[in-house]
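S.K.: Just so we're aligned, residue 10 is where the sequence shown starts under the working numbering, counting upward by one.
From the three backbone atoms N, C-alpha and C, an ideal C-beta is built for every residue, glycine too.
Please read through the structure below; I'll follow up with questions.
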Amino acid sequence: MSAEQVEKVAENVANLHLDEVTGERVSKSELKKRMKQRQKEEEKKKKAAAAPAKPVSKKKVTDAFADLSPSQYHEARARQILEFRNGVDSKVNPYPHKFHVSISVPAFKEKYAHLKRGETLKEEKVSVAGRIHNKRESGSKLKFYVIKSDGEELQVMSPAQDYHNEEAYSFDHEILKRGDIIGVEGYIGRTEPKKGGEGELSIFVTRIQLLTPCLHMLPTDHFGLKDQ
């Protein structure tokens, strides 16, 4: 890199400004844009607070990020991850240095394709990694994911009774969002859906870990998991 290029890079870095809300360094124009957007959102909040109270919905809200706009989601997630990195919650390292993957998703599906409906291999432990493509839950004791890696999808099932730490179960799942890259440890099995069918080849979770968080809201998908 020439001296002129180095000087230009240094100049660009010097022109970045700290966004105190997210901890990022951004251009002056981007910072102004964010501040303007926050001001609009603050005004909306004030109007909403002054409006007559609406009847409380009976629908249970389990995700604090569920009703946010894309920009609000980005700010909230960036703030959450910044708190994790700063040690506000010592239980979470959002960017761990390593995670041992014992088998790839394509190899997993090929190796265990022979399993029959309802069959499990509880003594055979594996670890896989992938990006969360879909996330669902059935009550507070059963979580479902679809992860994607190397062009293949795999269903992840996490019954609370299989988890390594019952107290950590809810928190470990709560911090995971669509788009995150996660590491999963567990045993192999094929589900036994009540409505019949061959069941879906899955990894049953004993431990789950955030490897790389996604700070942006992904478009809503329009499909469900195979056993729901």
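With 16 other CB atoms within 10 Å as the buried threshold, where does residue 127 fall?
M.R.: By the 10 Å Cβ count, residue 127 comes out exposed.
S.K.: Jot down the residue ranges of each uninterrupted alpha helix (DSSP H) in the segment 124–186, minimum 4 residues, whole runs only, in chain order.
M.R.: As far as the segment 124–186 is concerned, its whole alpha helix (DSSP H) runs of at least 4 residues are 178–183.
S.K.: Short of 7 Å in beta carbon distance, which residues of its chain neighbour residue 46, apart from the five on each side in sequence? Order them along the chain.
M.R.: Once the five neighbours on either side are set aside, the close Cβ partners of residue 46 are 80.
S.K.: Per DSSP, residue 194 forms a beta bridge with which residues?
M.R.: Looking at the DSSP assignment, residue 194 forms a beta bridge with 136 and 216.
S.K.: If I measure Cβ to Cβ from residue 27 and keep anything under 7 Å in the same chain, skipping five residues before and after, which residues do I get?
M.R.: The answer, listed in chain order, is 34.
S.K.: Have a look at residue 24 and residue 48 and give me their C-alpha separation to the nearest angstrom.
M.R.: Cα-Cα distance, rounded: 23 Å.
S.K.: Using 8 Å as the threshold, is the segment 198–207 in touch with the segment 171–179, meaning 3 or more CB pairs across them?
M.R.: Counting Cβ pairs under 8 Å, fewer than three are found: no touch.
S.K.: Output the distance between the C-alpha atoms of residue 160 and residue 148, rounded to the nearest integer angstrom.
M.R.: In a straight line, the C-alpha of residue 160 is about 30 Å away from that of residue 148.
S.K.: Can you grab the Cα-Cα spacing for the pair residue 84 / residue 157, in whole Å?
M.R.: In a straight line, the C-alpha of residue 84 is about 25 Å away from that of residue 157.
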